[in-house]
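As structure tokens, the structure follows; a few thoughts come after it.
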Amino acid sequence: MSDMNALHEDYESMSDEAFRGLLREWIETHYPAHLRNPRRRLGLEESRAWYRLLGERGWLAPGWPTRHGGMGLSAAKQLIYMEEWERHGCARLPDSGLTMLGPLLIRFGSEAQKAFYLPRILAGEHFWCQGYSEPNAGSDLASLRTEAVDCGDHWRVNGQKIWTTMAGHSNWIFMLVRTDRQARPQAGISFLLVPLASPGVEVRPILNLDLHDEFSEVFFTDVRVPKENLVGEVNQGWSMAKALLGFERIFLGSPKQSTHALERLERLARLGGIEHQEAYRQRHAALRLRLDAHRALYERFAEALRQGQALGPEVSMLKINQSELFQAICELALEVAGEDAALLDPLAEDAALYPAGLFIQSLPTTIYGGSNEIQRNILARQVLGLPG
Amino acid sequence: MNEPMHDVDLAERRERVTMLRDSAAALVPADGDLRRVRAWRFAGNGLDAQAWALVCEMGWPGLRLAEEQGGSGLGLCEYVALLEELGKGLAPEPLNEVACLVSLLPAEWREPVLRGERLVLPGHGAGLVADHQGRLLGQAKVSLGKAAHGWLLMNEDSAWLVDAQGLEGQALATQDGGHVLALALNGVPAQRLASSPEQLRRVRDEAALGVAAYLLGCMQGAFARTLDYLKVRKQFGREIGSFQALQHRMVDLHIQIELSRALVEETAACLDRSVAPGEAQRRIYATRVQAGDAALRVCREAIQLHGAIGYTDEADIGLFLRRVLVAASAWGTQGGYRQGYARLIAEEAFNG
Ligand SMILES: Cc1cc2nc3c(=O)[nH]c(=O)nc-3n(C[C@H](O)[C@H](O)[C@H](O)COP(=O)(O)OP(=O)(O)OC[C@H]3O[C@@H](n4cnc5c(N)ncnc54)[C@H](O)[C@@H]3O)c2cc1C
Numbered sequence: 007m008s009d010m011n012a013l014h015e016d017y018e019s020m021s022d023e024a025f026r027g028l029l030r031e032w033i034e035t036h037y038p039a040h041l042r043n044p045r046r047r048l049g050l051e052e053s054r055a056w057y058r059l060l061g062e063r064g065w066l067a068p069g070w071p072t073r074h075g076g077m078g079l080s081a082a083k084q085l086i087y088m089e090e091w092e093r094h095g096c097a098r099l100p101d102s103g104l105t106m107l108g109p110l111l112i113r114f115g116s117e118a119q120k121a122f123y124l125p126r127i128l129a130g131e132h133f134w135c136q137g138y139s140e141p142n143a144g145s146d147l148a149s150l151r152t153e154a155v156d157c158g159d160h161w162r163v164n165g166q167k168i169w170t171t172m173a174g175h176s177n178w179i180f181m182l183v184r185t186d187r188q189a190r191p192q193a194g195i196s197f198l199l200v201p202l203a204s205p206g207v208e209v210r211p212i213l214n215l216d217l218h219d220e221f222s223e224v225f226f227t228d229v230r231v232p233k234e235n236l237v238g239e240v241n242q243g244w245s246m247a248k249a250l251l252g253f254e255r256i257f258l259g260s261p262k263q264s265t266h267a268l269e270r271l272e273r274l275a276r277l278g279g280i281e282h283q284e285a286y287r288q289r290h291a292a293l294r295l296r297l298d299a300h301r302a303l304y305e306r307f308a309e310a311l312r313q314g315q316a317l318g319p320e321v322s323m324l325k326i327n328q329s330e331l332f333q334a335i336c337e338l339a340l341e342v343a344g345e346d347a348a349l350l351d352p353l354a355e356d357a358a359l360y361p362a363g364l365f366i367q368s369l370p371t372t373i374y375g376g377s378n379e380i381q382r383n384i385l386a387r388q389v390l391g392l393p394g
Numbered sequence: 012m013n014e015p016m017h018d019v020d021l022a023e024r025r026e027r028v029t030m031l032r033d034s035a036a037a038l039v040p041a042d043g044d045l046r047r048v049r050a051w052r053f054a055g056n057g058l059d060a061q062a063w064a065l066v067c068e069m070g071w072p073g074l075r076l077a078e079e080q081g082g083s084g085l086g087l088c089e090y091v092a093l094l095e096e097l098g099k100g101l102a103p104e105p106l107n108e109v110a111c112l113v114s115l116l117p118a119e120w121r122e123p124v125l126r127g128e129r130l131v132l133p134g135h136g137a138g139l140v141a142d143h144q145g146r147l148l149g150q151a152k153v154s155l156g157k158a159a160h161g162w163l164l165m166n167e168d169s170a171w172l173v174d175a176q177g178l179e180g181q182a183l184a185t186q187d188g189g190h191v192l193a194l195a196l197n198g199v200p201a202q203r204l205a206s207s208p209e210q211l212r213r214v215r216d217e218a219a220l221g222v223a224a225y226l227l228g229c230m231q232g233a234f235a236r237t238l239d240y241l242k243v244r245k246q247f248g249r250e251i252g253s254f255q256a257l258q259h260r261m262v263d264l265h266i267q268i269e270l271s272r273a274l275v276e277e278t279a280a281c282l283d284r285s286v287a288p289g290e291a292q293r294r295i296y297a298t299r300v301q302a303g304d305a306a307l308r309v310c311r312e313a314i315q316l317h318g319a320i321g322y323t324d325e326a327d328i329g330l331f332l333r334r335v336l337v338a339a340s341a342w343g344t345q346g347g348y349r350q351g352y353a354r355l356i357a358e359e360a361f362n363g
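Chains as they are written, first to last, in our numbering: chain A, 7 to 394; chain B, 12 to 363.
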């Protein structure tokens with residue numbers, strides 16, 4: 007069905023304006039009004055209907071090739087796609103399958119794995135979460151200890167993952183497991199796909215600072231996992247995951263969070279009647295300028311992608327700059343909110359404004375996806391060539 | 012000009028400050044245990060009655076009040092030291108509120124308030140007016156207002172006392188687990204207090220200094236925990252505190268704390284010696300802005316340095332940020348003080 011859409015709609019031959027118009031009209035017609043600009047990330051049940059609708063339209067996976075049911079968009083068109091979603095205030099989907107596992111399988115999975123998993127992601131049947139981090143393996147991910155032991159016809163998994171976003175709203179987890187204790191840490195890790203319904207798996211939600219149970223701990227006790235659920239070669243999981251992280255960093259480096267926050271800041275200033283005050287205008291302008299600069303940098307990376315170039319470690323710049331700009335905007339919004347910065351809930355005057363909540367939500371962006379300190383280490387060593 | 016204090020006075024005051032700091036342990040466990048603060052959150056009417064009784068038993072609400080009014084007449088140096096200690100342990104009690112307004116209260120309210128039998132909390136409303144029968148109209152917000160028997164409502168130049176009995180407002184939950192009571196007053200009986208605009212301004216200014224001192228405590232509490240964590244959390248086979256990038260961050264935060272402390276203590280000392288009102292206000296605003304900026308920065312970075320565990324409700328470090336968000340919007344906002352400071356120095360320059 008998606009292939010048929012692709013035949014009908016050759017997005018790449020459309021002008022940017024035409025493509026934008028197509029998206030915009032469809033979103034405005036179909037997006038459920040009550041899900042615009044939600045206060046927090048939506049759970050599975052809240053977003054399922056919209057997810058299905060997008061799936062039927064063939065628009066779930068902008069970056070996947072058309073032969074796998076994606077839209078096959080260039081980076082430039084993907085950017086437009088993101089912008090239109092953001093402009094309308096569409097909620098983030100339970101998208102780990104779409105943005106993380108899918109691209110990894112397309113690149114490293116077997117034909118059988120692609121044929122089995124990809125359609126199920128698009129059908130809204132499998133929802134995935136990412137099980138990398140462990141209590142003692144955060145920044146030092148390579149020290150992870152959750153182990154998969156080869157038992158002939160299956161793997162036996164024991165250990166614990168933590169900070170697993172949306173685990174409570176997923177039915178599958180893709181995870182890094184240790185398959186060789188003797189090898190160098192990075193060389194003994196494999197990439198495994200595990201149904202969360204397997205006996206021996208337990209998910210315990212953790213309340214985050216935004217008072218929302220968005221992430222969880224996931225415990226594995228003698229969990230049996232079929233042999234064919236390993237992606238790529240045994241002990242090659244690290245390099246595959248790293249390839250995916252590069253992709254995640256462009257995603258996290260997109261200007262969308264900062265753009266969204268700046269719009270909220272402006273709305274808040276109008277609400278407070280201070281948008282013409284000189285002190286505010288100067289601070290707002292400084293942030294807007296930083297956003298302009300960020301967009302320009304992002305565009306360069308997008309262009310490199312368009313030219314079919316691989317992105318190197320320098321993509322870490324995007325993630326650092328985006329997340330810190332996002333936080334700076336949220337911090338000014340706190341000041342603009344004045345007394346209302348103390349409030350727990352959205353403002354009575356405008357439910358899309360919750361300055362303290364947005365500020366709190368901006369804090370983990372410098373932690374997840376590889377903390378900004380770790381990204382700076384990468385840039386210093388791998389891009390600037392400074393001694394390690 | 013300011014006379015230097017006599018050595019005897021100074022030694023005596025230092026001792027009093029130390030004693031007050033030590034006595035704060037009654038409310039703020041020395042080992043940093045925040046269970047009481049957690050239990051207080053999102054529960055009840057916003058007041059831990061047992062803790063408040065203790066506060067009154069210690070005579071803290073009357074700390075700044077003249078002895079002939081039933082207070083202990085201590086200076087700001089003592090006062091800020093106590094608030095700093097309470098900030099370290101995030102004590103949620105509205106001490107700075109009550110201690111600052113108690114001098115404005117008529118005796119029949121003041122005495123039960125000092126004894127802890129009644130609670131009066133301040134509220135601010137820009138558009139408050141009294142009608143010809145002395146009834147109050149307008150809107151006001153009172154932090155923890157549900158817990159109070161009376162509200163002392165102020166605008167720029169007047170203050171009224173309103174008996175809370177039978178009146179209701181809308182409680183808006185705050186990030187720290189308390190609330191702000193939003194009042195819509197449509198002609199409620201109110202007692203206008205005999206306070207001059209200068210008196211009200213002094214109350215507000217001293218309260219702002221109190222907020223700065225409390226924030227100074229909050230940042231130290233957050234910093235100390237983070238420092239401890241950096242010494243125990245290991246990644247890459249080492250304590251993360253051994254990474255220079257993090258060491259530098261901690262040093263920068265330490266500097267921010269010391270800048271805040273320097274201003275808090277200097278301002279308190281200056282005001283105790285009495286300075287010209289304009290200068291007092293400028294010093295207070297500077298102190299409040301520095302403490303507000305530093306507290307937010309220290310708490311934000313403390314979470315970063317904890318990594319994901321810092322982004323949980325379970326870890327105490329987040330309680331500091333949530334409290335700072337609330338404390339820094341009491342008695343005037345960060346933006347208000349920043350602009351106020353800019354205005355004051357411009358006026359000073361203009362007046363030569
Ligand atoms: C909201 C959120 C969602 C998440 N979702 C997921 C998920 O779905 N799946 C998943 O697997 N993980 C997830 N994570 C975990 C995330 O990947 C880790 O938090 C991150 O890797 C950091 O690890 P840590 O939290 O253990 O911090 P630590 O590694 O303990 O770091 C603590 C502090 O030390 C600093 N630090 C560490 N090493 C160095 C160094 N060498 N030099 C300088 N500074 C250093 C860090 O930058 C940080 O500031 C999520 C985290 C958050 C906050």
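Each residue gets a CB set at the ideal place from its N, CA and C atoms; glycine is no exception. Since we're looking at a predicted model, the values are computed, not measured.
Contact list for residue i against chain A, beta-carbon separation under 8 Å
i, result
"B/Leu191", "This sequence places Val at residue 191 of chain B; Leu is not what is there. What B/Val191 touches in chain A: Glu345, Ala348, Leu349."
Strand pairing of residue i, partner residues [DSSP]
i, result
"A/Ser222", "A/Thr170, A/Pro211"
"B/Arg47", "In DSSP, B/Arg47 forms no bridge with anything."
"A/Glu153", "A/Asn164, A/Arg184"
"A/Asp356", "A/Leu353"
"B/Val199", "B/Leu147"
"B/Thr323", "A/Asn214"
"A/Ile179", "A/Cys135, A/Val200"
"A/Ile195", "A/Arg184"
"B/Asp174", "B/Gly161"
"B/Gln246", "B/Arg249"
Chain A contact residues for residue i, given Cβ-Cβ distances below 9 Å
i, result
"B/Thr298", "Correct list: empty, because the minimum Cβ distance to chain A is about 17 Å."
Cross-chain neighbours of residue i in chain B, by beta carbon under 7 Å
i, result
"A/Trp471", "For chain A, the structure presents residues 7 to 394; residue 471 of chain A sits outside this window and is missing."
"A/Thr171", "In chain order: nothing, as chain B lies at least about 10 Å away."
Expected contact under 8 Å - CB spacing of residue i and residue j to nearest Å
i, j, result
"A/Trp169", "A/Ser139", "5 Å"
"B/Gln186", "B/Leu336", "5 Å"
"B/Ala158", "B/Gly57", "5 Å"
"A/Pro361", "A/Ala347", "5 Å"
"B/His10", "B/Ala151", "Residue 10 of chain B falls outside the range modelled here, since chain B spans only 12 to 363, and no answer is possible."
"A/Ile112", "A/Pro71", "7 Å"
Neighbour list for residue i in chain B, Cβ cutoff strictly below 9 Å
i, result
"A/Val342", "Gly346"
"A/Arg382", "Ala256"
"A/Ser145", "Gln246, Phe247, Ile251, Gly318"
Chain-ordered neighbours of residue i on chain B, where CB pairs are closer than 8 Å
i, result
"A/Ser377", "Gln315, Gly318"
Partner residues on chain A for residue i, Cβ-Cβ distance less than 7 Å
i, result
"B/Val337", "Ala348"
"B/Gln350", "Ala285"
"B/Ser340", "Gly344, Glu345, Ala347, Ala348"
Just by C-beta distance, which residues in the stretch 196-218 of chain A are closer than 8 Å to chain B?
Under the 8 Å Cβ criterion, the stretch 196-218 of chain A contributes Ile212, Leu213, Asn214, Leu215, Leu217.
Could you list the residues in the stretch 269-280 of chain B with a C-beta less than 7 Å from some C-beta on chain A, going in chain order?
Closer than 7 Å at the C-beta level to chain A, one finds no residue of the stretch 269-280 of chain B.
Scan the stretch 224-254 of chain B for residues whose Cβ lies nearer than 7 Å to a Cβ of chain A and list them as they occur along the chain.
Listed in sequence order: Gln246, Phe247.
Mind the definition here: the stretch 335-348 of chain B touches the stretch 373-382 of chain A only if three or more C-beta pairs lie below 8 Å; say whether that holds.
Cβ pair count under 8 Å is below three, so no.
Near-chain B residues of the stretch 268-295 of chain A - C-beta to any C-beta below 8 Å
So the close ones are Ala285.
Can you list, in chain order, the residues of the stretch 234-266 of chain A whose Cβ is nearer than 8 Å to any Cβ on chain B?
Of all residues in the stretch 234-266 of chain A, none has a Cβ within less than 8 Å of some Cβ in chain B.
Residues in the stretch 303-330 of chain B with C-beta within 8 Å of chain A's C-beta atoms, listed in sequence order?
Taking 8 Å as the Cβ-Cβ cut-off, the stretch 303-330 of chain B approaches chain A at Leu307, Arg311, Ile314, Gln315, Gly318, Ala319, Gly321, Tyr322, Thr323, Asp324, Glu325, Gly329, given in chain order.
Quick one: which residues of the stretch 27-61 of chain A get their C-beta closer than 7 Å to a C-beta of chain B? List them in chain order.
Flagged: no residues at all.
Evaluate the contact criterion for the stretch 231-241 of chain B versus the stretch 310-324 of chain B: three or more CB pairs, one atom per stretch, below 8 Å.
Enough Cβ pairs lie closer than 8 Å, so yes.
Looking at chain B, which residues of the stretch 347-373 of chain A have a Cβ within less than 7 Å of any of its Cβ atoms?
Here the close residues are Ala347, Ala348, Leu349, Leu350, Asp351, Ala362, Leu369, Pro370, Thr372, Ile373.
Is it a yes or a no for the stretch 119-126 of chain A touching the stretch 143-162 of chain A, going by three-plus beta-carbon pairs under 8 Å?
No: the two stretches stay apart, fewer than three of their Cβ pairs being nearer than 8 Å.
Counting pairs of Cβ atoms below 8 Å between the stretch 60-70 of chain B and the stretch 31-48 of chain B, do you hit three or more?
Yes, the stretch 60-70 of chain B is in contact with the stretch 31-48 of chain B.
Residues within the stretch 149-168 of chain B neighbouring chain A, beta-carbon criterion of under 9 Å:
If the cut-off is 9 Å between Cβ atoms, the stretch 149-168 of chain B has Lys152, Ser154 near chain A.
Any residues in the stretch 183-216 of chain B with a beta carbon nearer than 7 Å to a beta carbon of chain A? Which ones, in chain order?
In summary, the residues of the stretch 183-216 of chain B whose CB is separated from some CB of chain A by less than 7 Å are Leu183, Ala184, Thr185, Gln186, Val191, in the order they occur in the chain.
Taking contact to mean at least 3 C-beta pairs separated by less than 8 Å, is the stretch 177-189 of chain A in contact with the stretch 335-354 of chain A?
Result no; under three Cβ-Cβ pairs closer than 8 Å.
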